[in-house]
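Novice: Count along the sequence shown from 1, then add 136; that gives the number in this note's numbering.
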Amino acid sequence: MENVTKFKALVVEKTPDKQFVREIRERSMDDLPTGDLVVRVHYSSLNYKDALSATGHPGVTRQFPHTPGIDAAGEVVSCEGGAFAPGEKVIVTGYDLGMETDGGWGQYIRIPSAWAVRLPEGLTLREGMALGTAGFTAALSVLKLERAGVKPGDGDILVTGATGGVGSIAVSILAVAGYRVVASTGKEADEDFLKELGAVAVIGRDEVVAGAEKTLLAERWAGAVDVVGGATLAAVLKSTRYGGTVTCCGLVGSPELPVNVYPFILRGVSLLGIDSVQCPRDTREEVWQRLAAGWKPARLADMVTECTLTGLEVMIQAILHGGITGRVVVNLRES
Ligand SMILES: NC(=O)c1ccc[n+]([C@@H]2O[C@H](COP(=O)([O-])OP(=O)(O)OC[C@H]3O[C@@H](n4cnc5c(N)ncnc54)[C@H](OP(=O)(O)O)[C@@H]3O)[C@@H](O)[C@H]2O)c1
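What follows is the structure, encoded as structure tokens:
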């Protein structure tokens, strides 16, 4: 193993008056949790969940001090079980990384090797983190739509929260896979960005929820990828066409789902849950393979803002207020 004793990490601390403060600290390998795999992290990313962890949301992290970062990509330093060789490039997303286990916002992680997948051919470590959990979740959503029988040519596929991490990559994947994508956003100024990603039309958030109090709405969507939840998801279900499928992965609007049963019992609409955290390994590997090949977003490089650990504070506040367009990659090597 490399002879590293000290490294940098962003550490969230809970103060006696229950505030959460963040600072970059020098940490030691002995501070890391147990696990058979040690990875030198080159890149991590920022997801909505990371911002919740960094600000002390108890639904994500309860034990402090803590290093967030639900995504990490880097080189294997050592692997006791032999599942990976030193120097191999790996991606880690999901499981407990960055939740109660110190995550990718540190220059080293120690984890169970079952959490890591080999970096697929066709992706760099930076691209892996430009995708990260957001890209993985977007791709898993599209895979589930595909497996449910939603085909290019069936009609319009709606993506909500379209300028965010999951949304923007879902727009890109659906477009590159040949679907007609309609992007819903609260950011009028980002219409051109969404069209460049491949959306055939961009609509406002308000248009999606208009008339949501009605029992059913006009049939519009052959399928949808929803990241918002709440009244938005309810309205999407009510405006999905007969036999259509909607995926649900997020709650930026609300975790509640104020809907009746009519979309399901009168239109045969299906609602599919998306979980990137415990996603089984065979599906996990399939999703990464698809992302590295046919589904790799054509404009991935243009969707990324890069920062170091120092720059994360501004980004955390921005993502909490729905203010990020595309993805934020964290460069640990230059931190
Ligand atoms: N189930 C899973 O495994 C899984 C995995 C990853 C993420 N998620 C969840 O998916 C959601 C999106 O994650 P993300 O990383 O893409 O977050 P993000 O980058 O912050 O994107 C969310 C987007 O939703 C829109 N939005 C924000 N607040 C809203 C509101 N109050 N009402 C309606 N739209 C709003 C904004 O896009 P516009 O301005 O374009 O509308 C925003 O950019 C989060 O809830 C996250 O926890 C779940």
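Where is the CB? At the ideal position from N, CA and C, for every residue including glycine.
Looking only at C-alpha atoms, which of A348, G322, T351 sits nearest to G340?
Specialist: Residue G322 is the option with its Cα nearest to G340.
Novice: Please return the same chain residues whose Cβ sits closer than 8 Å to the Cβ of T170, not counting the five positions on each side in sequence.
Specialist: Excluding positions up to five away in sequence, the list reads R246.
Novice: Alpha carbons only, please: which of R420, S471, R469 is nearest the one belonging to A275?
Specialist: Selected option, being the one with the closest Cα: R420.
Novice: So what does D292 bridge to, in DSSP terms?
Specialist: DSSP, once it has assigned bridges, lists R316 as partnering D292.
Novice: Kindly give me the distance between the Cβ atoms of Y231 and V175, rounded to whole angstroms, as I take these residues to be in contact under 8 Å.
Specialist: Not really, about 13 Å apart at Cβ, beyond 8 Å.
Novice: Under the three-state reduction of DSSP, which class applies to D411: helix, strand or coil?
Specialist: Correct three-state label for D411: coil.
Novice: List the endpoints of the continuous beta strand (DSSP E) containing K142.
Specialist: It spans 142-150 - the beta strand (DSSP E) in which K142 sits, taken as one unbroken run.
Novice: Considering only C-alpha positions, which residue in the set A325, T376, D326 is nearest to I293?
Specialist: Closest by alpha carbon: T376.
Novice: Does DSSP put R356 in a helix, a strand or coil?
Specialist: Correct three-state label for R356: coil.
Novice: Give the range of the beta strand (DSSP E) segment to which Y231 is assigned.
Specialist: Here Y231 belongs to no beta strand (DSSP E), and DSSP marks it neither H nor E.
Novice: At which residues does the alpha helix (DSSP H) containing F400 begin and terminate?
Specialist: Element bounds for F400: 398-403.
Novice: Looking at C-beta atoms only, is the number of pairs between the stretch 330-340 and the stretch 361-373 that lie closer than 8 Å three or more?
Specialist: No, the stretch 330-340 does not touch the stretch 361-373.
Novice: Which of the three DSSP states is assigned to T376 in this structure?
Specialist: Strand at T376.
Novice: What are the boundary residues of the alpha helix (DSSP H) that includes G271?
Specialist: It spans 261-283 - the alpha helix (DSSP H) in which G271 sits, taken as one unbroken run.
Novice: Cα separation between R356 and A319?
Specialist: Using only the alpha carbons, I get a separation of about 13 Å.
Novice: Shortest alpha-carbon distance to K300 belongs to which of V312, K280, R316, A266?
Specialist: The sequence given here places Gly at residue 300; Lys does not occur at that position. It is A266.
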